[in-house]
Amino acid sequence: MNLTIAYLASYVLSTLGNAIAAVALPLIILQTTGSAIGAGTVAAATALPALAGGILMGVVIDRVNRRTSSIVTDVISGLSIAALPLIDVITDLDIGWFILFGALGALGDIPGITARETLLPAIVRTSPLSSERLIGVRESLGAAAIVVGPAAGGVLTGVLGGSAVLWITAGLSLAAAAVTLLIPHAAGAVTKDLRHPRRNVVSEFGEGFSVLFRTPFLVMLLAMTFVAGAVTSAFGGLILPVYFTEADAPAALGLVLSALALGLLFGSGVYATVARPGRGRRAWLGGGLSGAAVGIATMASLANFPTVVVGAFATGVASGLFTSVAGVLMLERIPDRVRGRVLSVQNAAVTVAPSIGIVVASILTETVSLQAAAVVAAATWTLMVLSVLVARPMRDLAPLPDH
183 MNLTIAYLAS
193 YVLSTLGNAI
203 AAVALPLIIL
213 QTTGSAIGAG
223 TVAAATALPA
233 LAGGILMGVV
243 IDRVNRRTSS
253 IVTDVISGLS
263 IAALPLIDVI
273 TDLDIGWFIL
283 FGALGALGDI
293 PGITARETLL
303 PAIVRTSPLS
313 SERLIGVRES
323 LGAAAIVVGP
333 AAGGVLTGVL
343 GGSAVLWITA
353 GLSLAAAAVT
363 LLIPHAAGAV
373 TKDLRHPRRN
383 VVSEFGEGFS
393 VLFRTPFLVM
403 LLAMTFVAGA
413 VTSAFGGLIL
423 PVYFTEADAP
433 AALGLVLSAL
443 ALGLLFGSGV
453 YATVARPGRG
463 RRAWLGGGLS
473 GAAVGIATMA
483 SLANFPTVVV
493 GAFATGVASG
503 LFTSVAGVLM
513 LERIPDRVRG
523 RVLSVQNAAV
533 TVAPSIGIVV
543 ASILTETVSL
553 QAAAVVAAAT
563 WTLMVLSVLV
573 ARPMRDLAPL
583 PDH
């Protein structure tokens, strides 16, 4: 199988499995325990292992073959999910089992994303596609999985029952690992840099943070992705649910989130089709961030359902543009010897950002008003866009000499 196809297939299978699990697992926990608090307890108990494992595994990914890391993390995720229906056959599932295997599976989630990201340079070197087109295609496929996954998770849980859905989810993770096996072992080899000999784990862990936070460009990218995750989650996870609940139209929330996902699919597809290697990157980034600011401001008006849908779709389209070009820039600008460590921090931040965005929005909603929470979220995005557009490290986005 072509390396590019194998990589993209593995990415889609893993993303689809995660998207299904994100909807199916809370439903299954509610069906099994009958407790909404139980679902929240599982989410809270697995957050810390996911964050810690995601950051710490960056050192491992930079030490061992990255193809191997990707396979192992997918297997961990798949087996932790498969254990739940097996336990259900042997004894009754309770909240403790969900926490145990949720925590074990979390150890594979962020490291799995990071490991697959670190394989990208090798895939690009052998791919007939430019890095712009490859990442645009990847983002489009990921958006499609995000569109299909939640709907599939809800339908399958209702029709087939929880155990069958868990087997499907586990199977997708294991299938992702199997497809990654088709990528040659040599493609995952870690680059040896004689100028930076291998040291002890603690020193290497610190080196990853040092490279990240002493590189202004990477700090800006980290801040951009963190704010983007926090603001979009504040809308999708609290502001819009409260808005449509108060309007007695909870079903409309699904349509808005679908519009956002479809916009993301369209925007990343446009980037994959139109973007040219090394050209117009600042325009793509600035246009995407600014377009998303307009879309988010439209949503923040909370004027009526059609206005919110239009704002969500516009936000998705613009997000598809700037996330694609950001992926290309990260591919080029992160030194390969610390790629796993830098990306592990980046992915951990993206994982934590939604919780922070939702918490802040909930506090503003309770203490001030829902409209105030929406306005603050939109203003935060706008401030981030202005900071990125004027920042010196973001002015020259041309390919580096060795790219």
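Just so we're aligned, residue 183 is where the sequence shown starts under the working numbering, counting upward by one. We put the CB at the ideal spot given by N, CA and C, even for glycine.
| Query | Result |
| --- | --- |
| If we call anything under 9 Å between Cβ atoms a contact, is A535 one with G411? | yes |
| Step through the CB atoms of chain C and report whether any lies within less than 9 Å of the CB of G336. | In the displayed structure, chain C is absent; only one protein chain is listed. |
| Taking the alpha-carbon positions, what's the T414 to L437 distance? | 16 Å |
| Once the 5 residues before and after L247 are set aside, which same chain residues still bring their CB inside 8 Å of it? | The residue you asked about is not Leu; residue 247 is Asn in the sequence shown. Only H367, G370, A371, V372 meet the Cβ criterion. |
| Got a sec? Which residues, its chain only, sit under 7 Å from A479 by beta carbon, not counting five neighbours each side? | A560 |
| Exposed or buried, what is L376 when buried is set at 16 or more other beta-carbons lying within 10 Å of its beta-carbon? | Its pLDDT being 44, under 50, L376 is placed unreliably in this model, and the coordinates cannot settle the point. |
| Mapping DSSP to helix, strand and coil, what is L437? | helix |
| Which residue from I328, W279, G477 puts its Cα closest to that of S501? | G477 |
| Is it true that the stretch 183–190 meets the stretch 300–317, where meeting means three or more beta-carbon pairs spaced less than 8 Å apart? | yes |
| Have a look at A201 and P332 and give me their C-alpha separation to the nearest angstrom. | 6 Å |
| Is the separation between the beta-carbon of S524 and that of L422 shorter than 9 Å? | Note on residue identity: the sequence assigns Val, not Ser, to residue 524. Contact: no. |
| Could you please give the first and the last residue of the uninterrupted alpha helix (DSSP H) stretch that includes I253? | 248–272 |
| Given 8 Å as the limit, is there contact between the stretch 329–345 and the stretch 453–467, that is, 3 or more CB pairs closer than that? | no |
| Ordered along the chain, which non-local residues of its own chain (more than five positions away) have a Cβ less than 6 Å from that of F448? | V499 |
| Just how far apart, CA to CA, sit A543 and I365? | 43 Å |
| On the premise that L266 lies in contact with L348, defined as a C-beta separation below 8 Å, what is that separation, rounded to the nearest angstrom? | 5 Å |
| Near G284, what residues of its chain come up, given a Cβ to Cβ distance below 6 Å and the 5 sequence neighbours on each side ignored? | V224, T228 |
| Please list the terminal residues of the continuous alpha helix (DSSP H) segment that includes N127. | In the structure as shown, the chain starts at 183 and stops at 585, and residue 127 therefore has no counterpart that could be examined. |
| Quick one: grab the DSSP three-state call for L376. | For L376, the predicted structure reports a pLDDT of 44, less than 50, and the residue's modelled location is therefore unreliable. A value from the coordinates is still provided. Coil at L376, not helix or strand. |
| Can you tell which of S251, D276, I281, R315 has the C-alpha that lies nearest to the C-alpha of G290? | S251 |
| Going by DSSP, what residue range makes up the alpha helix (DSSP H) through L404? | 398–416 |
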